[in-house]
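Student: Have a look at this one before I ask anything.
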Amino acid sequence: MKNDRFIFTIDKPTKNYISEVAKKSGISTSKVIKEIIQDHASDRQFDGIVQNPQSDSNLTNHRRLNSYSTPDLTQILSKQNFLELLSNDDVDFLIYSLDGYTNAMNFLDDQVIITYAKVLKHRGYLAKAISILNSIEDKYNIEKQLLLLSIYISTGDIPKANTHLLHCTELLNLFSHNLKKYRNDYLILKAELIWINEGVLKAHEFVKKCLVNSQQFDDNVLGKLYCLEGEFLRDKGNYGAAKTSYNIALQLLKNYPYEGNYIARTNKGLGSIYKNQGNYVTSSKYIFNALDISKKFADKITESSVLASIGSLYLAQNKDELGIKMLQEKADIGRRANSIREIFYANYELGMATVEKGDYKTARDSLEDIMGIGSKFKRRYYIDMWRGLLRSFEDFEDGIKIIQKSKSEAREADEEKKIYLADYLIAASCLNKTGQEKKGENILKVLMNNTSTSKQLKRNAQILLKYPKVIKSI
Numbered sequence: 426m427k428n429d430r431f432i433f434t435i436d437k438p439t440k441n442y443i444s445e446v447a448k449k450s451g452i453s454t455s456k457v458i459k460e461i462i463q464d465h466a467s468d469r470q471f472d473g474i475v476q477n478p479q480s481d482s483n484l485t486n487h488r489r490l491n492s493y494s495t496p497d498l499t500q501i502l503s504k505q506n507f508l509e510l511l512s513n514d515d516v517d518f519l520i521y522s523l524d525g526y527t528n529a530m531n532f533l534d535d536q537v538i539i540t541y542a543k544v545l546k547h548r549g550y551l552a553k554a555i556s557i558l559n560s561i562e563d564k565y566n567i568e569k570q571l572l573l574l575s576i577y578i579s580t581g582d583i584p585k586a587n588t589h590l591l592h593c594t595e596l597l598n599l600f601s602h603n604l605k606k607y608r609n610d611y612l613i614l615k616a617e618l619i620w621i622n623e624g625v626l627k628a629h630e631f632v633k634k635c636l637v638n639s640q641q642f643d644d645n646v647l648g649k650l651y652c653l654e655g656e657f658l659r660d661k662g663n664y665g666a667a668k669t670s671y672n673i674a675l676q677l678l679k680n681y682p683y684e685g686n687y688i689a690r691t692n693k694g695l696g697s698i699y700k701n702q703g704n705y706v707t708s709s710k711y712i713f714n715a716l717d718i719s720k721k722f723a724d725k726i727t728e729s730s731v732l733a734s735i736g737s738l739y740l741a742q743n744k745d746e747l748g749i750k751m752l753q754e755k756a757d758i759g760r761r762a763n764s765i766r767e768i769f770y771a772n773y774e775l776g777m778a779t780v781e782k783g784d785y786k787t788a789r790d791s792l793e794d795i796m797g798i799g800s801k802f803k804r805r806y807y808i809d810m811w812r813g814l815l816r817s818f819e820d821f822e823d824g825i826k827i828i829q830k831s832k833s834e835a836r837e838a839d840e841e842k843k844i845y846l847a848d849y850l851i852a853a854s855c856l857n858k859t860g861q862e863k864k865g866e867n868i869l870k871v872l873m874n875n876t877s878t879s880k881q882l883k884r885n886a887q888i889l890l891k892y893p894k895v896i897k898s899i
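FYI, the numbering for the sequence shown is 426 to 899, going by our numbering.
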């Protein structure tokens, strides 16, 4: 995606320097920019990198920012969709600008607070965004309520998300006129919440109902709906239909390059499917394109989900160290954003990765740490499948019962991919239990001959037949 939307221009060497300082200091890039600007308030002309500095006591003294080409901020912030006009570099500087503005003012109007919360949410400062939004006393402010709803979905606070969904429903019914933009945002957020709260089956049904009335939506909204349908179909293991929906989404979104979150998600989804089908070259193309888009234009939560897909791709290619590193980065974003949802998925993936390495104790600890969160997301059966496998090494019958129960829950959720995963884990349990090896081999042969089984799972099954201790994640 061409980056032609910078409003605040930073040259590439300076940008690299800012990233280096942020990483070394353990602070955000926006804070680094703030420090540099404060250090050189009198002279911000770029004057090159100081070579071999003798002291690193103040890293920002070795570099100066080039001048910003800055239009009137009020002209940007007055636009409802102002975030769509900005790159993430711009947003980092905007956070700095708004930090200064809000600290200098004794009173802020509601729109400034909402603007500030939007940029904070975009860059992953979710707790701070919630805090300042709660300073708005107007309970009829639909923009505030939708923003809080989106944040609580990102953090995984389902009870609060449900509360704000109900409030938004009431407000949209009360003020039905001139609310098309808000109503569209509401539908997208409702689909996302149903997905994490009630499961993929109900979420897909909701989106299909929305698509029946597709003529009422602009192409960018339709693109988001088709992206979500692709997500749901992928979760259910229907890869052919998922690819169709994802490709429709990309076609619809091609004229809306500012929709970074959903363009990144769509590329990531296609990459995940190709990974599961064993096509790692095409998978890499889509997933790393998603990473490039997410780092430039998408929010931190989207970037986090892309990192998980990269980690999964590396693990599938037996690049375990790189895979685990990506998953740890995802977990770090989740912790910084105070998002239990991101922490859940990161630890789930890390748990599977450590099973692959044969470190069963670490895997068990990682999975048990998130059992409560998994229950909140109605994803407990994800964890229990792997817990059942680990349990089977100690008590075979009990472990198999746990996996079978999880398989039934996956069937109720219409997640075909997880049903086959359960069979694979039952086979792994059998192959590692004296007297049950033949049963395990037969289960794997059925999986390998099933046309609905993904190529990745078939490949994993072949490896498991040859090396019963090598249990790979998917």
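Cβ atoms here follow ideal geometry from the backbone N, Cα and C, with glycine treated the same way.
Hey, how far is the Cα of Pro438 from the Cα of Leu747?
Tutor: The count along the sequence shown starts at 1 and reaches residue 438 at position 13. The count along the sequence shown starts at 1 and reaches residue 747 at position 322. The alpha-carbon atoms of Pro438 and Leu747 are separated by roughly 26 Å.
Student: Check each candidate in Asp582, Gly696, Lys858, Tyr785 and name the one with the smallest Cα separation from Ala762.
Tutor: The count along the sequence shown starts at 1 and reaches residue 762 at position 337. Among Asp582, Gly696, Lys858, Tyr785, the Cα nearest to that of Ala762 belongs to Asp582.
Student: Helix, strand or coil, according to DSSP, for Tyr550 in the structure here?
Tutor: Along the sequence shown, read from residue 1 onward, the residue named residue 550 stands at position 125. Tyr550: coil per DSSP, three-state reduction.
Student: Among Leu695, Asp660, Ile844, Thr727, which residue has its Cα nearest to the Cα of Glu684?
Tutor: Numbered from 1 along the sequence shown, position 259 holds the residue referred to as residue 684. Measuring from the Cα of Glu684, the nearest candidate turns out to be Thr727.
Student: Pull up the distance between the alpha-carbon of Glu862 and that of Ala847, whole angstroms please.
Tutor: Within the sequence shown, the letter at position 437 stands for residue 862. Within the sequence shown, the letter at position 422 stands for residue 847. Between Glu862 and Ala847, the C-alpha separation is close to 17 Å.
Student: Between the C-alpha atoms of Lys830 and Val446, what's the straight-line distance to the nearest angstrom?
Tutor: Numbered from 1 along the sequence shown, position 405 holds the residue referred to as residue 830. Numbered from 1 along the sequence shown, position 21 holds the residue referred to as residue 446. Their Cα atoms are separated by approximately 50 Å.
Student: With distances taken from CA atoms, which of Asp534, Asn513, Tyr541, Asp535 is nearest Ser522?
Tutor: On the sequence shown, residue 522 is found 97 positions in, with the first residue counted as 1. It is Tyr541.
Student: Quick check on the burial criterion: 16 or more other C-beta atoms within 10 angstroms. Buried or exposed for Lys448?
Tutor: Numbered from its first residue, the sequence shown carries residue 448 at position 23. It is exposed - the Cβ of Lys448 has fewer than 16 other Cβ atoms within 10 Å.
Student: When the Cα atoms are used, what is the spatial distance from Asp896 to Thr779?
Tutor: For the purposes of this step, residue 896 is taken as the residue at position 471 of the sequence shown. For the purposes of this step, residue 779 is taken as the residue at position 354 of the sequence shown. It is Ile, not Asp, that sits at residue 896 in the sequence shown. Cα-Cα distance, rounded: 10 Å.
Student: Between Thr580 and Arg884, which are expected to be in contact by the criterion C-beta below 8 Å, what is the C-beta distance as a whole number of angstroms?
Tutor: Locating residue 580 in the sequence shown gives position 155, where the first residue counts as 1. Locating residue 884 in the sequence shown gives position 459, where the first residue counts as 1. The pair is not a contact, with the Cβ atoms about 36 Å apart (cut-off 8 Å).
Student: Which residues mark the beginning and the end of the alpha helix (DSSP H) in which Val895 is found?
Tutor: Position 470 of the sequence shown, counted from the start, is the residue given in the question as residue 895. Note, Val895: premise wrong, no alpha helix (DSSP H); not H, not E.
Student: Is the beta carbon of Gly776 less than 8 Å from the beta carbon of Leu792?
Tutor: As a working note, residue 776 is residue 351 in the sequence shown. As a working note, residue 792 is residue 367 in the sequence shown. Taking 8 Å as the Cβ cut-off, Gly776 and Leu792 qualify as a contacting pair.
Student: Suppose you measure from the CA of Tyr880 to the CA of Lys801; what does that come to, to the nearest Å?
Tutor: Looking up residue 880 in the sequence shown gives position 455. Looking up residue 801 in the sequence shown gives position 376. In the sequence as presented, Tyr is not what sits at residue 880; that position holds Lys. One C-alpha to the other measures close to 31 Å.
Student: Can you check the region 759-791 for any alpha helix (DSSP H) of at least 4 residues that lies completely inside it and give the ranges in chain order?
Tutor: If we require 4 residues or more, the alpha helix (DSSP H) runs fully inside the region 759-791 come out as 765-781.
Student: According to the Cβ coordinates, are Ile798 and Phe821 closer than 8 Å?
Tutor: Taking the first residue of the sequence shown as 1, we reach residue 798 at position 373. Taking the first residue of the sequence shown as 1, we reach residue 821 at position 396. Against a cut-off of 8 Å, the Cβ pair of Phe821 and Ile798 comes out as no contact.
Student: Can you name, in chain order, every residue of its own chain whose Cβ lies under 8 Å from the Cβ of Ser480, other than the five neighbours on each side?
Tutor: Reading the sequence shown from its first residue, position 55 is the one you call residue 480. With a pLDDT of 36 at Ser480, under the threshold of 50, the modelled position of this residue cannot be trusted, and the question is left open.
Student: If the criterion is Cβ atoms closer than 8 Å, does the pair Ile905 and Ile555 meet it?
Tutor: For residue 905 there is no data in the structure shown, the boundaries of the chain being 426 and 899.
Student: So, are the CB atoms of Cys593 and Ile621 less than 8 Å apart?
Tutor: On the sequence shown, position 168 is the one that residue 593 refers to. On the sequence shown, position 196 is the one that residue 621 refers to. Cβ distance not < 8 Å, so Cys593 and Ile621 don't count as in contact.
Student: If the criterion is Cβ atoms closer than 8 Å, does the pair Leu614 and Ile578 meet it?
Tutor: Sequence index remark: in the sequence shown, residue 614 carries index 189 (1-based). Sequence index remark: in the sequence shown, residue 578 carries index 153 (1-based). Taking 8 Å as the Cβ cut-off, Leu614 and Ile578 qualify as a contacting pair.
Student: Can you have a look at Phe722 and say buried or exposed, based on whether 16 or more other CB atoms are within 10 angstroms of its CB?
Tutor: Taking the sequence shown and counting its residues from 1, the one referred to as residue 722 is at position 297. Buried is the call here.
Student: Are Leu678 and Gly655 closer than 8 Å when you measure CB to CB?
Tutor: By one-based count along the sequence shown, residue 678 stands at place 253. By one-based count along the sequence shown, residue 655 stands at place 230. Their beta carbons are not under 8 Å apart, which means Leu678 does not touch Gly655 by this criterion.
Student: Can you give the Cα-Cα distance for Asn772 and Ser764, rounded to whole angstroms?
Tutor: As a position in the sequence shown, residue 772 is number 347, starting the count at 1. As a position in the sequence shown, residue 764 is number 339, starting the count at 1. Spanning the two alpha carbons is a distance of roughly 12 Å.
Student: Considering Cα atoms alone, identify which of Ile576, Gly549, His547 is closest to Asn559.
Tutor: Your numbering for residue 559 matches position 134 in the sequence shown. Residue Ile576 is the option with its Cα nearest to Asn559.
Student: Taking the beta carbon of Ser898 as the centre, do at least 16 other beta carbons fall within 10 Å, making it buried, or is it exposed?
Tutor: In the sequence shown, counting from the first residue as 1, residue 898 sits at position 473. With 16 or more other Cβ atoms within 10 Å, it is buried.
Student: Do Gly696 and Arg659 have their C-beta atoms within less than 8 Å of each other?
Tutor: Numbered from 1 along the sequence shown, position 271 holds the residue referred to as residue 696. Numbered from 1 along the sequence shown, position 234 holds the residue referred to as residue 659. No, they are not a contact pair.
Student: Report the CB separation of Ala886 from Met873 in whole angstroms; it is logged as a contact under 8 Å.
Tutor: Taking the first residue of the sequence shown as 1, we reach residue 886 at position 461. Taking the first residue of the sequence shown as 1, we reach residue 873 at position 448. About 5 Å separates the two Cβ atoms, so the contact holds.
Student: Measure the C-alpha to C-alpha separation of Leu815 and Ser854 and round it to an integer number of angstroms.
Tutor: The residue labelled residue 815 in the question sits at position 390 within the sequence shown. The residue labelled residue 854 in the question sits at position 429 within the sequence shown. Roughly 8 Å between the two C-alpha positions.
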